[in-house]
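Engineer:
Residue numbers (UniProt numbering): 1 to 369.
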């Protein structure tokens, strides 16, 4: 592994984002201690994130000694295993609020297959789109992508987790658009998506429809369905320009915002670090996406290019949706903020994705083995 082949701008972006997430949980734990007189849940999140990060980084470094092209041969087995886990979670999974999203592992909250499947879907779509042109037409490749993606989308929605299901679909669509489709093919794809969207809307559960209605007018039920969004907006805005810091924060220590350590973590940033902290976090994501684009532009292998496009799409969509729902610009979903939200499966997936980007950049000029 040669140091000069590493995309330093990209690596710095990832390291800063991870550091920002750790700092957020640590400062929140200090605010919790100041308000309550003892360390609470945020210190536990900080400790667990450090442990999970360490394990993820060990695997990520080990991956750098393997040519990324081996992923071509591992993608189908990974897809089969990932789909199997999505099926298993429906029968043996645990969760909350009527959902089943985790498979218990060694006494922990467990593995969340839908998070891992994001990376698997990126790999399977990239593999299909780079199959030899002599064997498959563009139309057949598109059909294969649809056939590969839809089962995962339906299984994740069944948990139910409409947010993650929509994310899988969105990543796949962005990768397909990059496939240089003709105007006619784009029209057909658009019609298919419209039909899928219509079917999804008709099949929405009552609470999912309520979330969309709440997004449109959260003040209609401020103490009920609109409570989470309203409290999140209050927490985000309460930080002012520089944040309320350790001694002034109340929303986080007193748990006014539900799941503020994961789904609404951006509101935690707003309360602790203010507008300046939120702006810095947005800037770090811009750095991440721009550096990912620079890596993409340097690649010549189509398989690698599609992988990087998919990973970039995943980061963009997750960041946009998570930040948007925190301030009322998108419906509430369970989509985590990459590298920031607490969650072992999410952090592992994001670190592995970053490791793959580094790998494809590092070996971009090497001969196919």
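We put the beta carbon where it would ideally sit given N, CA and C, even for glycine.
1. Is the CB-CB distance between residue 295 and residue 357 below 7 Å?
2. Look at the alpha carbon of residue 304 and the alpha carbon of residue 255, and state the distance between them as a whole number of angstroms.
3. Where residue 91 and residue 278 are concerned, what is the direct C-alpha to C-alpha distance, given to the nearest angstrom?
4. Cα separation between residue 359 and residue 30?
5. Since residue 258 is in the alpha helix (DSSP H), which residue starts that stretch and which ends it?
6. Quick one: using the 10 Å Cβ neighbour count with 16 as the cut-off for buried, is residue 67 buried or exposed?
7. Just to confirm my understanding: we take residue 17, look at its own chain, exclude 5 residues before and 5 after, and list those with CB closer than 6 Å. What are they?
8. Alpha carbon to alpha carbon, how far is residue 168 from residue 43?
9. Spatial neighbours of residue 289 within its chain, please: C-beta separation below 7 Å, excluding the five flanking residues on both sides.
10. If you draw a straight line from the alpha carbon of residue 210 to that of residue 336, how long is it in whole angstroms?
11. I need the straight-line Cα distance from residue 86 to residue 204, nearest angstrom please.
12. I think residue 197 touches residue 214, with their Cβ atoms under 8 Å apart; what is that distance to the nearest whole Å?
13. Just the C-alpha distance for residue 27 and residue 141, rounded to the nearest angstrom, thanks.
14. Between which two residues does the alpha helix (DSSP H) harbouring residue 315 extend?
15. Answer yes if the stretch 110-123 comes into contact with the stretch 161-181, meaning at least three C-beta pairs across the two stretches below 8 Å, and no otherwise.
16. Given a threshold of 16 other Cβ atoms within 10 Å of its Cβ, counted over all protein chains shown, does residue 242 qualify as buried or as exposed?
17. By a C-beta neighbour count over all protein chains shown, 10 Å radius and 16 as the cutoff for buried, is residue 62 buried or exposed?
18. Quickly, what does DSSP pair residue 94 with across the bridge? List them, please.
19. With a threshold of 16 other CB atoms inside 10 Å of the CB of residue 228, please say whether the residue is buried or exposed.
Structural biologist: Checking against the coordinates, here is how it stands:
1. yes
2. Using only the alpha carbons, I get a separation of about 43 Å.
3. 40 Å
4. Answer to the nearest angstrom: the Cα atoms are 37 Å apart.
5. Run containing residue 258: none; DSSP gives neither H nor E here.
6. exposed
7. 284 and 339
8. 32 Å
9. 312, 315 and 316
10. 21 Å
11. 20 Å
12. With 8 Å as the limit, residue 197 and residue 214 do not qualify as a contact, their Cβ atoms being about 20 Å apart.
13. 49 Å
14. 302-326
15. yes
16. exposed
17. The residue in question, residue 62, is exposed, as its Cβ has fewer than 16 Cβ neighbours within 10 Å.
18. DSSP lists 102 as partners of residue 94.
19. buried
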